[in-house]
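> I have a structure I would like to understand better, so I am pasting it below and will then ask my questions one at a time.
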Amino acid sequence: MENKFNFEGLAWKWMRYSAFLLIPLVWIHAIIQALIVGGHNLSLDYVAMRWAIWGWRVYDIFLLAFAFSHGMNGLRQVLMDFVKGSRPRRLLNGLIFFAWLLLTALGATAVIGGVRMP
Amino acid sequence: MFQNVKSTLSGYAKYRGEGHIAFVLHRIAGLATVIFLGLHIIITSLVFFAPSWYDKAIQIFRNPLVMIAEIIMAFFVVYHGVNGLRIAYLDLFRPDLWTTAPTRKATRGVFAVAILLWLPALIIMGHSLLVHGLGLLGGE
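Top to bottom, those sequences are chains A and B.
Heads up: the first sequence at position 63 corresponds to 63 in this note's numbering, and the numbers run straight through without jumps.
Heads up: the second sequence at position 117 corresponds to 1117 in this note's numbering, and the numbers run straight through without jumps.
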C-alpha cells in the first residue's frame, strides 16, 4: 500500500459516491422536466420561471457539477481502456479536462447569469 | 489503438453472461447519457448567451425521431442508475458478493427493476410522441 496521492483511486471512489447522490438529483430533474412538464412545454419563459426560484438554480448547479464530472470521468475511464501509452493518455486526459472545464463554465455562467429575455 | 478496439469488440462478442451484458450496457448507456448531457448543457446555456436562439434550438426535441431517441435515453438513464447503484453498493460495502452466482441474479434483478421504472416514462413520453410528435390522438 502506498500513501501518496492517487488520482485514479480518488476518481474510482468519486464515481461510486457521486452515484448515490445522482440517483435523486438526476431522476427528480428528469421526472419534473420530461414527464410532469413535458419536453414540448419547454421554452425560454419556462426556464425563466423556474430560475426565478433560487433554490432551483442551486439545484441545477449541483446537478451540473456532479452529473457532468461523473459523466466526463466515466468517458475518460472508458477511453483509457482503448488508449495505451503515456503520451496519448496524457493528451486524452488534457482534452477531456479542458472540455469538462469549458462546458461546466458555460453551464454555470448560464445558471448564475439567468435568462436574458430578448 | 485499432488493435485495442478490435480485441475489445471481439471480446464483447465472444464472452457472454449476464455480468458482461450489464457491463456493456452500462457503458453504452453512460456514453449516450454524457453525450446528451453535453448537448443539453450547451443548448440550455443559450438562455444566457443567445436567448433568441433557445426556442429555435429546442425545436429539435419536437422531432419524432429525437423524441424516440429520448424515450431510449430514459431507459439508459434508469438502467445506468439502477445498475450503478448495484456496482457502487457492492464495491463500497459488500465486495465479498462480487462472485458469479449472486452477480447473475443481481444483474437480472437490475434489468427487471429498470424496465419497471422505465414503463411510466415509456407511457408518458410515448403518449407525448403520438400527440405532439406525430399529431395523432387529436394533437397538432
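Cβ atoms here follow ideal geometry from the backbone N, Cα and C, with glycine treated the same way.
Quick caveat, the model's predicted, so the values are computed rather than measured.
For H1156 (chain B), would you say it is in contact with chain A, using Cβ-to-Cβ distances shorter than 7 Å as the test?
Nothing can be reported for residue 1156 (chain B), as the shown portion of chain B is limited to 1001 through 1140.
> Mind pulling the chain B residues with CB within less than 9 Å of S43 (chain A)?
Here residue 43 (chain A) refers to the residue found at position 43 when the first sequence is read from its first residue. What S43 (chain A) touches in chain B: Y1054, D1055, I1058.
> With the cut-off set at 7 Å, would you say L79 (chain A) and L95 (chain A) are in Cβ contact?
Locating residue 79 (chain A) in the first sequence gives position 79, where the first residue counts as 1. Locating residue 95 (chain A) in the first sequence gives position 95, where the first residue counts as 1. Not closer than 7 Å, so no.
> Please tell me whether A1074 (chain B) and A1121 (chain B) are closer than 7 Å, where the distance is taken between their beta carbons.
Here residue 1074 (chain B) is taken as the residue at index 74 of the second sequence, counted from 1. Here residue 1121 (chain B) is taken as the residue at index 121 of the second sequence, counted from 1. Result yes, Cβ atoms of A1074 (chain B) and A1121 (chain B) sit closer than 7 Å.
> Among A:V47, A:I23, A:H70, A:G38, which one has its Cα closest to the Cα of E1070 (chain B)?
Reading the second sequence from its first residue, position 70 is the one you call residue 1070 (chain B). The shortest Cα separation from E1070 (chain B) among A:V47, A:I23, A:H70, A:G38 belongs to A:G38.
> Could you tell me the distance, in whole angstroms, from the CA atom of F98 (chain A) to the CA atom of G74 (chain A)?
Position 98 of the first sequence, counted from the first residue, corresponds to residue 98 (chain A). Position 74 of the first sequence, counted from the first residue, corresponds to residue 74 (chain A). Roughly 15 Å separates the two Cα atoms.
> For F1075 (chain B), return the contacting residues in chain A, with the cut-off set at a CB-CB distance below 8 Å.
Taking the second sequence and counting its residues from 1, the one referred to as residue 1075 (chain B) is at position 75. The premise fails here: F1075 (chain B) is roughly 12 Å from chain A at the closest Cβ pair, so nothing lies under 8 Å.
> Could you confirm whether any beta carbon from chain B is found closer than 7 Å to the beta carbon of L106 (chain A)?
Working through the first sequence from its first residue, we reach residue 106 (chain A) at position 106. Yes, L106 (chain A) counts as interfacial toward chain B.
> So the alpha helix (DSSP H) Q77 (chain A) belongs to, where does it begin and stop?
Sequence index remark: in the first sequence, residue 77 (chain A) carries index 77 (1-based). Per DSSP, Q77 (chain A) belongs to the alpha helix (DSSP H) from 54-80.
> Would a C-beta distance cut-off of 7 Å place V1047 (chain B) and V115 (chain A) closer than the cut-off?
For this step, residue 1047 (chain B) is matched to residue 47 along the second sequence. For this step, residue 115 (chain A) is matched to residue 115 along the first sequence. In contact: V1047 (chain B) and V115 (chain A) (Cβ atoms closer than 7 Å).
> So, with DSSP's three-state summary, where would you put M133 (chain A)?
Lying outside 1 to 118, the shown extent of chain A, residue 133 (chain A) is not represented and no answer is given.
> Kindly confirm or deny that the stretch 1119-1137 of chain B and the stretch 1058-1066 of chain B touch, where touching means at least three C-beta pairs closer than 8 Å.
yes
> Indicate whether at least one CB of chain B lies closer than 7 Å to the CB of V37 (chain A).
Indexing the first sequence from 1 puts residue 37 (chain A) at position 37. By this cut-off, V37 (chain A) is not an interface position.
> Compute the distance between the beta-carbons of V1066 (chain B) and A1114 (chain B), then report whether it is under 7 Å.
Residue 1066 (chain B) sits at position 66 when you count from the first residue of the second sequence. Residue 1114 (chain B) sits at position 114 when you count from the first residue of the second sequence. Contact flag unset, no.
> Rounded to whole angstroms, what's the CA-CA distance from H29 (chain A) to I1068 (chain B)? Just pull it up for me.
Within the first sequence, residue 29 (chain A) is the residue found at index 29, counting from 1. Within the second sequence, residue 1068 (chain B) is the residue found at index 68, counting from 1. H29 (chain A) and I1068 (chain B): Cα-Cα distance of roughly 19 Å.
> Rounded to the nearest angstrom, how far is the Cβ of S1052 (chain B) from that of L106 (chain A), given a contact under 8 Å?
If you number the second sequence from 1, residue 1052 (chain B) lands on position 52. If you number the first sequence from 1, residue 106 (chain A) lands on position 106. About 18 Å; that fails the 8 Å criterion.
> Which class does T1107 (chain B) belong to by DSSP, given the choice of helix, strand or coil?
To locate residue 1107 (chain B), count along the second sequence from 1; it is residue 107. Helix, per DSSP.
> Do we get a CB-CB distance below 7 Å when we pair I1021 (chain B) with the residues of chain E?
Absent from the structure is chain E; the protein chains it does hold are A and B.
> Do you know whose CA, among A:G9, A:L35, A:W14, lies nearest L1129 (chain B)'s CA?
Along the second sequence, read from residue 1 onward, the residue named residue 1129 (chain B) stands at position 129. For the residues A:G9, A:L35, A:W14, the minimum Cα distance to L1129 (chain B) belongs to A:L35.
> For a contact meaning CB atoms closer than 7 Å, what does V1047 (chain B) contact in chain A?
Sequence index remark: in the second sequence, residue 1047 (chain B) carries index 47 (1-based). Near V1047 (chain B) (Cβ distances below 7 Å), the residues of chain A are L44, V47, A110, V115.
> Which runs of the alpha helix (DSSP H) fall wholly inside the stretch 1018-1087 of chain B and span at least 4 residues, in chain order?
1018-1049, 1051-1057
> Counting only C-beta atoms, is I1124 (chain B) closer than 7 Å to chain A at any point?
Taking the second sequence and counting its residues from 1, the one referred to as residue 1124 (chain B) is at position 124. Interface residue, yes.
> Would the stretch 5-18 of chain A and the stretch 49-62 of chain A be scored as touching if the rule is three or more Cβ pairs under 8 Å?
no
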